[in-house]
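Q: One structure, as structure tokens, below. Some questions next.
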Amino acid sequence: MAIRIDGRKISGIIKDEVRDSVEKLRKEGVEITLAVVQVGEDPASTVYVGNKKKACAYTGINSRAYNLPESVTEAELLALIDELNGDESVNGILVQLPLPPHISESRVIKAISPLKDVDGFHVQSAGALMTGEPGFLPCTPAGVIELIKRTGVDITGKECVVIGRSNIVGKPMAMLLLRENGTVTVCHSKTKNLREVAKRADILVVAIGRPKFIDASYVKEGAVVIDVGIHRNEGGKLCGDVDFDSVEPKAYAITPVPGGVGPMTIAMLMKNCVAAYRLQKSI
Ligand code: NAP
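Quick note: our numbering has the sequence shown finishing at residue 310, numbered continuously throughout.
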């Protein structure tokens, strides 16, 4: 039986660590504040924003909500971001994606100060990750690294295969595994012989956005399998990109969906809010 990597438990430990840091800072007279900007009332976004606010309340981080109507113009949103960039009491700025089609996500992300970019999506954060400069790590891939390490798996020298090359998951995931001294291969929809490449992996990270796509035939005996995918079927049940029942008997360790990578994203966001304060004070 594979180890089931418990993302709920590990994210709880990280949130407790953040809570301790926030409490210590508060005793020194420092408040950590996250500005959460939501445009429109997309139900999924409202759930995500609600979960982020709950995590802030738990860790002692102040959350300031900015709910803008769907009709807000890009200029108005950029003006708000400008104001938050200049507000010294705000440490982190999070704009919930997706944005309505009349607003450029790329322009909005670029407008956030790289010192407050707690989602880690700004090009400067991406560059810092690439070069090893101080900066924010995107929350989901950073959470995956925590899951692997806290399961006691040493990444150094391991064959790591990442399936997916998106800017928010696949590419930063590959950079982080490289930074941890893994030997990294990145696969995507044009990869030839995906099954053979995936089977080389000691650590397989799957972020393709296709329900239960990866079955046991893609997995080497004894691999660590991390499933980033999230899908909800018609019955409302969640599953990942990995066919858990097929892969689990072959893996050394595997993340379930739900309860694997999902809870880590918010925990890492909380960690980034404290990192933001330190980055802003250069400590
Ligand atoms: P995305 O932007 O759609 O990227 C998917 C990637 O998978 C692309 O690079 C694509 O290749 C590749 N791909 C698609 N079909 C493939 C195939 N048949 N074989 C090999 N590669 C294939 O998705 P994403 O934003 O990275 O998200 C991936 C999944 O993770 C989704 O299910 C998403 O909901 C989930 N997610 C979860 C969290 C979390 O907190 N747990 C956070 C973010 C995302 P091309 O580049 O060639 O098109």
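Where is the CB? At the ideal position from N, CA and C, for every residue including glycine. The structure displayed is predicted, hence computed values, not measured ones.
State the Cα-Cα distance for the pair isoleucine 41 and glycine 34, rounded to the nearest angstrom.
A: 10 Å
Q: What residues in its chain sit with their C-beta under 8 Å from that of threonine 73, if we drop five residues either side in the sequence?
A: Gln65
Q: Consult DSSP for alanine 280 and reduce its assignment to one of helix, strand or coil.
A: strand
Q: Excluding the 5 residues flanking alanine 302 on each side, which residues of the same chain have their C-beta closer than 6 Å to its C-beta?
A: Same-chain partners within the cutoff: there are none.
Q: For serine 98 and valine 122, what's the separation of their Cα atoms in angstroms?
A: 16 Å
Q: In the DSSP assignment, find the alpha helix (DSSP H) that holds aspartate 146 and state where it starts and stops.
A: Aspartate 146 -> no alpha helix (DSSP H), and no H or E assigned at all.
Q: Does the count of Cβ pairs from the region 185-192 and the region 225-243 closer than 8 Å reach three?
A: yes
Q: According to DSSP, what are the bridge partners of aspartate 254?
A: Val233
Q: How big is the Cα-Cα spacing for leucine 61 and valine 45?
A: 14 Å
Q: Quick check on the DSSP output: the beta strand (DSSP E) that includes tyrosine 93 runs from which residue to which?
A: 89-95
Q: Please classify leucine 39: does DSSP put it in a helix, a strand, or coil?
A: Sequence check: residue 39 is glycine here, not leucine. If DSSP states are grouped into helix, strand and coil, glycine 39 belongs with the helices.
Q: Give me, in chain order, the residues of the same chain whose beta-carbon lies closer than 8 Å to that of asparagine 89; leave out the 5 immediate sequence neighbours on both sides.
A: Scanning its chain for C-beta atoms nearer than 8 Å, with the 5 sequence neighbours on each side dropped, one finds around asparagine 89 the residues Glu58, Ile59, Thr60, Leu61 and Cys83, in chain order.
Q: Any heavy atom of the ligand NAP closer than 8 Å to the CB of cysteine 214?
A: yes
Q: Closest to leucine 265 by C-alpha separation, out of Gly289, Lys36, Val211 and Pro70, would be which residue?
A: Nearest neighbour of leucine 265 by Cα position, chosen from Gly289, Lys36, Val211 and Pro70, turns out to be Gly289.
Q: Does the ligand NAP have even one heavy atom less than 8 Å from the beta-carbon of isoleucine 235?
A: Taking 8 Å as the cut-off, the C-beta of isoleucine 235 counts as close to a heavy atom of the ligand NAP.
Q: Taking 8 Å as the cut-off, is the C-beta of methionine 291 nearer than that to any heavy atom in the ligand NAP?
A: yes
Q: Who does alanine 155 pair with in a DSSP beta bridge?
A: According to DSSP, alanine 155 bridges with nothing at all.
Q: So what's arginine 206 in DSSP terms, helix, strand or just coil?
A: DSSP places arginine 206 in helix when its eight states are reduced to three.
Q: Between arginine 222 and leucine 204, what straight-line distance do the alpha-carbon atoms span, to the nearest angstrom?
A: 20 Å
Q: Under the rule that 16 or more other beta-carbon atoms within 10 Å means buried, what is glutamate 275, buried or exposed?
A: buried
Q: Going by the C-beta, is valine 288 closer than 8 Å to any heavy atom of the ligand NAP?
A: yes
Q: Is aspartate 43 near the ligand NAP, judged by its Cβ being under 8 Å from some heavy atom?
A: no
Q: Please classify threonine 167: is it buried, with 16 or more other beta-carbons within 10 angstroms of its beta-carbon, or exposed?
A: buried
Q: Bridge partners of glutamate 186, per DSSP?
A: Thr210
Q: Quick one: what does DSSP say arginine 134 is sitting in, helix, strand or coil?
A: Arginine 134: helix per DSSP, three-state reduction.
Q: With H, G and I counted as helix, E and B as strand and the rest as coil, what does DSSP make of isoleucine 108?
A: helix
Q: So, for glutamate 50: in the same chain, excluding its five sequence neighbours on each side, which residues have a beta-carbon less than 7 Å away from its beta-carbon?
A: Gly87
Q: For alanine 225, does the count of other Cβ atoms within 10 angstroms reach 16, so buried, or fall short, so exposed?
A: buried
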